[in-house]
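J.:
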């Protein structure tokens, strides 16, 4: 996925491995990374999830805007950690990882994204075809 943030140095986009529970998204990042520092000062972010396509007519994916937050160390993250580790089970045993990855995992923290708006992109319906996805739980205030 691509995570877009804005911070003191301006806008930033980062490609990240992710896991999801419905439209809630989780990822691991070093809190010192630019996108993590940006989230600390401005939790409003955007997310795009899509494959790498060769032809514009094939493009399909989702774009979301919402709020990101630090969950904490993976070992202390409960259900969100289980969601992430189910997708990336090799992370369950850091002693079996290459040393650089194990060190990075030790510094990493789990982050959560909760969408406020969701759009489905499907260029097979036409160039820049975008439809908003409205979930009942997202309209609880109405």
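Numbering (the working numbering), first residue to last: 167 to 308.
The C-beta atom is built at its ideal place from N, Cα and C for all residues, glycine as well.
#1: Helix, strand or coil for residue 188? Go by DSSP, reduced to three states.
#2: Using the beta-carbon count (16 or more within 10 Å), is residue 309 buried or exposed?
#3: Mind checking which residues open and close the beta strand (DSSP E) that includes residue 169?
#4: Which term fits residue 279, buried or exposed, when burial requires 16 or more other beta carbons within 10 angstroms of its beta carbon?
#5: Apart from the five residues just before and just after residue 265, which ones in its own chain have a Cβ nearer than 6 Å to its Cβ?
#6: Can you confirm whether the region 213-233 touches the region 256-276 when touching is taken to mean that 3 or more C-beta pairs between the two stretches lie within less than 8 Å?
#7: Please name the residue in 180, 176, 184 and 210 whose C-alpha comes closest to that of residue 254.
#8: In or out: residue 294 buried (at least 16 other Cβ within 10 Å) or exposed?
#9: Quick check on residue 232: buried or exposed, where buried means 16 or more other Cβ atoms within 10 Å of its Cβ?
T.: In this structure, then:
#1: Residue numbering aside, residue 188 sits at position 22 when the chain shown is read from its first letter. When secondary structure is reduced to three states using DSSP, residue 188 falls in the coil class, being assigned neither helix nor strand.
#2: No answer is possible for residue 309: it lies beyond the span of the chain, which begins at 167 and ends at 308.
#3: Position 3 of the chain shown, counted from the start, is the residue given in the question as residue 169. Segment 168-173, the beta strand (DSSP E) holding residue 169.
#4: Walking along the chain shown from the start, residue 279 turns up at place 113. Buried.
#5: As a position in the chain shown, residue 265 is number 99, starting the count at 1. Closer than 6 Å at Cβ, skipping near neighbours: no residue.
#6: no
#7: By 1-based counting over the chain shown, the position of residue 254 is 88. When only C-alpha atoms are compared, the closest one is 184.
#8: In the chain shown, residue 294 corresponds to position 128, counting from 1. When all chains shown are included, residue 294 counts as exposed.
#9: The residue you call residue 232 lines up with position 66 of the chain shown. Its Cβ being crowded by 16 or more others within 10 Å, residue 232 is buried.
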